[in-house]
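Let me begin by presenting the structure, written as structure tokens, before commenting on it.
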Amino acid sequence: MDAKEVAAHWESNAETWTMLSRAGHDRYRDALNTPAFLAMLPPVAGFEGLDVGCGDGTNTRAVARLGASMTGLDIAPTFLRHAREAERRDPLGVDYVLGDGLTLPFADRSFDFVTAFMSMMDMVDQAAVLREVARLLRPGGFLQFSILHPCFVPPTRRNIRDAEGAPIAVEVADYFDESDGRVERWLFSGISAEQRATLTPFAVPRFHRTLSTWVATIVGAGLSIEAFGEPMASEEAAATEPIVADTRVAPIFLHVRARLPKAL
């Protein structure tokens with residue numbers, strides 16, 4: 001699968017994805033993943049940042065509210081249309097650009113930091129993307145990204161539940177299968193059966209990499225890993241949002257922060 005095919009899949013997903021996520025159906029994102037990501041983010045007020053794979057701009061805008069001057073980039077025009085509409089309704093100074101992470105359309109050393117919320121594992125060539133990110137970062141700048149946890153959400157994963165339906169274990173397989181472009185089809189789990197019957201499932205291409213591959217690729221791009229995060233729902237969050245309770249058994253997401261050296 002090449003980047004054009006990936007872009008076509010995400011363009012086909014964008015309208016429904018935006019509608020459902022803005023209606024509150026992306027519970028993992030809203031109840032756990034994005035809050036944990038923002039809590040791990042270093043201070044960004046007054047800095048220039050790029051959000052790679054920005055989607056409809058929801059997370060980009062969250063970073064902008066922390067005081068950063070943000071640019072969002074995505075491969076799907078429909079996502080960018082929704083992002084720009086949100087910016088017009090509530091200006092935060094975010095600029096949105098159509099582009100591909102493989103060849104980021106910006107000059108060298110353009111940004112103080114780069115974010116990528118749940119987009120890197122869907123990109124054709126993560127090594128090329130990371131090299132591009134390193135090119136764009138100013139000395140001492142950082143990249144922070146979130147992905148599906150490669151150890152606990154490989155190509156095959158199943159929750160194991162007790163008689164009451166509570167998650168008690170996770171079964172994983174195919175961890176070493178780094179096949180490119182496996183398309184997964186799904187919708188957010190909280191959608192009603194009636195609404196589900198009217199919607200086309202998302203077609204999400206995945207490019208799974210082992211943890212060791214991720215580490216080698218990040219370091220190979222000239223970045224130094226300085227932090228990992230593995231968000232776990234609190235007891236209170238799991239009680240309020242039962243859908244995220246399985247993260248108390250094993251993490252679903254991995255957050256990584258890596259930095260470009262100050263002296264290049």
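So for the sequence shown, full-length UniProt numbering puts the first residue at 1; every next one is plus one.
Using N, Cα and C, we set each Cβ at its ideal position, and we do this for glycine too.
Being a predicted model, the structure only gives us computed values, none of them experimental.
Asked                                                                                                  : Found
Short Cβ contact (8 Å threshold) for A203 with S12                                                     : yes
Of the listed residues G140, R138, A134 and A250, nearest to G222 (C-alpha basis)                      : A134
E230, DSSP secondary structure in three states                                                         : coil
Cβ distance (whole Å) where V44 is taken to contact G72 below 8 Å                                      : Not quite, the Cβ-Cβ distance comes to about 14 Å (not below 8 Å), so this is no contact.
The ligand GDP heavy atom lying under 7 Å from the CB of M232                                          : Of the ligands one can find in the structure shown there are none, so the ligand GDP has no counterpart to examine.
Coarse secondary structure for S212, derived from DSSP in three states                                 : helix
Nearest neighbour of D56, chosen from A39, T16, A31 and M40 [CA to CA]                                 : T16
Touching by the beta-carbon criterion (3+ pairs, under 8 Å), the segment 101-120 and the segment 80-87 : no
Of the listed residues M40, K262 and R157, nearest to F145 (C-alpha basis)                             : M40
Any 3 or more C-beta pairs closer than 8 Å across the segment 31-40 and the segment 231-247            : yes
Cβ-Cβ distance between M70 and T60 below 8 Å                                                           : yes
Distance CB(P167)-CB(V249) smaller than 8 Å                                                            : yes
Beta carbon of P154 nearer than 8 Å to that of W214                                                    : no
Where V249 sits in the DSSP three-state scheme                                                         : coil
Beta-carbon separation (whole angstroms), V98 vs D74, contact threshold 8 Å                            : Before going on, a small fix: residue 98 reads as Leu here, not Val. With a Cβ gap of about 7 Å, L98 and D74 count as contacting.
Cβ pair G181, T115 closer than 8 Å                                                                     : no
Residues near H9 in its chain [Cβ-Cβ closer than 8 Å; skip 5 each side]                                : V183, A203, V204 and P205
P77 (DSSP reduced to helix, strand or coil)                                                            : helix
N- and C-terminal bounds of the beta strand (DSSP E) containing V183                                   : D180 to W186
Beta carbon of M118 nearer than 8 Å to that of F207                                                    : no
Presumed contact (8 Å Cβ cut-off) between P42 and F111, rounded CB distance                            : 14 Å between Cβ atoms; not a contact.
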